[in-house]
Amino acid sequence: MISHRVKGIPASETLVIAAKVKELRAQGIDVISFTVGEPDFDTPSHIKQAAIQAIEEGFTKYTAGGGIPELRAAIVNRLKEDHGLTYEPKNIVVTNGSKQALYNFFQATLNPGDEVVLPAPYWVSYPSMIRLAEGKPKIIQTSLKNEFKITPDQLKKAVTPKTKAVVLNSPSNPTGAVYSKEELCLLAKVLENKKCWVLSDDAYEKILFDGRKIENIAGFSKKLFEKTFIFKTLSKAYAMTGWRVGAVIGKNQKIMEAILALQSQSTSSVNSIAQKAAVKALTSSQDTVKAMVKEFEKRRDVMLEALSTIPNLKTFQPQGAFYVFADFSAYFSKKYQGEKIGNSIGLNDYFIEEAKVAAVPGAYFGADKYLRLSFALSIEDIQTGIQRVRKALEKLSPLHFSSGASKIK
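Next comes the structure, spelled out in structure tokens:
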């Protein structure tokens, strides 16, 4: 009854947990959710006003499949300003979020058995998207010790004649790791002469901490510029998750045309009103983005401070995005009501039941020792939620809670 492509593909795990939280809240249960993968800020008013104006002016019809000219031009200008990269509107296909852009790319390029190299921890949807296109995820394991970043040697060993693409996500979801210019340069030297595409997933590129600046691997050489595809979204930086506007950018016109053809047979185009709002977001002052990032950095520090009171916990100080990826594995051997916690899924289930706190198990990101905790919520909720987690862990362990967590910066 179900196609072999879809059979066995799970629903997005993060969305499943978010739905569970909503269900509990609908029952009147006070659940603090660290699951959210979206800013808790409202879309800035000037962006919303652009959408209202589009409605009032009757801009409510189908648009060109690749996006309205103004939006493609705005993306071209933003890439030039932010990265010094020169593209043309024909190199861009506007999509329903970067999620569709990635899905379209895999569908347009992968044949059965083609491999896509993924550093782990990875965004939960990458493996399923690749399998839906009958490709094979090839995982490179990273570690907290190496700040969850792949090394040139790991990359060199992972790329084979079967490799169709390598995915780089910086800042990373779920870890918040950001590749420096020097680190990307070393990876670029490995990839430059490899016969595979490079996918730069830039969903969180504007959310950077401690004065960091984003680098894009496409800018390291002409060869890489030609073989890199960049995936953009307005969801995170502009608090526009529900508007569903993203894009894929690439110089290979055959692939871009294939992506456009695929989209024309699926969603046709992106919401006309949302595209007008996106133009405003990209072309107006970026001060609201900077203010949001400043607040996220403050919340990051609050969460890390709260987590530092929990013993036997290892945390990585995120350099971007809005997540802390914490190693809770010291608690997996503990029992609750006679049942062993066992893994990240078991611990998260325990937190939901006992602490009324939800996170996302690291197992879904290919790193079972960890839980992902979002700090895209109020400081009060962060502090209360971590306090609940601490109390729940005390019930599992006789350990004395005076020594804090270890933190890697």
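Using the numbering used here, read the sequence shown as starting at 790 and increasing by one per residue. Note that CB positions come from ideal geometry on N, CA and C, so glycine has one too. Remember, it's a predicted structure, so these values are computed and weren't measured experimentally.
>> I need the straight-line Cα distance from V1178 to L813, nearest angstrom please.
In response: 18 Å
> In the structure shown, what three-state DSSP assignment does Y1153 receive?
Replying inline: helix
>> I believe F1154 touches F1111 by the beta-carbon criterion, under 8 Å. Please report the beta-carbon distance rounded to the nearest angstrom.
In response: The pair is not a contact, with the Cβ atoms about 15 Å apart (cut-off 8 Å).
>> On the DSSP letters alone, give me the boundaries of the alpha helix (DSSP H) that D871 sits inside.
In response: P858 to H872
> When burial is assigned at 16 or more other CB atoms within 10 Å of the CB, is P858 buried or exposed?
Replying inline: exposed
>> Once DSSP output is grouped into helix, strand and coil, what is the label at W1032?
In response: helix
>> Buried or exposed for P910, going by 16 or more other Cβ atoms inside 10 Å?
In response: buried
> What did DSSP end up calling S1097 once you bin it into helix, strand or coil?
Replying inline: coil
> If you compare alpha carbons, which of S1118, T964 and K1043 is closest to K879?
Replying inline: K1043
> Of all the alpha helix (DSSP H) runs that stay within the bounds of the stretch 986-1035, which reach a length of 4 or more residues?
Replying inline: 1011-1016
>> With distance defined between alpha-carbon atoms, name the residue in I806, F823, I791 and K809 nearest to I1168.
In response: F823
>> Taking the alpha-carbon of N1132 as reference, which of S989, P963 and A1156 has the nearest alpha-carbon?
In response: A1156
>> Just to confirm the assignment: which complete alpha helix (DSSP H) runs, minimum length 4, are found wholly within the stretch 1049-1119?
In response: 1061-1072 and 1076-1096
>> The alpha helix (DSSP H) that contains S834, what's its start and end?
In response: S834 to E845
> Going straight from the alpha carbon of S1010 to that of K951, what length do you get?
Replying inline: 24 Å
>> Quick check on this structure: which residue in K1016, G1000 and K995 has the alpha carbon closest to the alpha carbon of Y977?
In response: At residue 977 the sequence reads Ala, which differs from the Tyr that was named. Among K1016, G1000 and K995, the Cα nearest to that of A977 is on K1016.
> Would you call the stretch 901-915 and the stretch 939-948 in contact, with 3 or more CB pairs under 8 Å?
Replying inline: yes
> Do you know how far the Cα of V1059 is from the Cα of S1118?
Replying inline: 43 Å
>> Quick test of your reading: G847 and R1033, contact by CB under 8 Å. State the CB separation rounded to the nearest angstrom.
In response: Not confirmed; about 21 Å, so no contact.
> In or out: G1031 buried (at least 16 other Cβ within 10 Å) or exposed?
Replying inline: exposed
> If you draw a straight line from the C-alpha of S1191 to the C-alpha of A1148, how long is it?
Replying inline: In this prediction, S1191 has a pLDDT of 45, which is less than 50 and means its spatial position is unreliable; what the coordinates show is noted afterwards. Cα to Cα, S1191 sits roughly 24 Å from A1148.
>> Within 10 Å of its beta-carbon, does H1189 have 16 or more other beta-carbons around it, so buried, or fewer, so exposed?
In response: Residue placement at H1189 is poorly supported in this model, since its pLDDT is 43, which falls under 50; the coordinates still yield a value, given next. Counting Cβ neighbours within 10 Å, H1189 comes out exposed, since fewer than 16 surround it.
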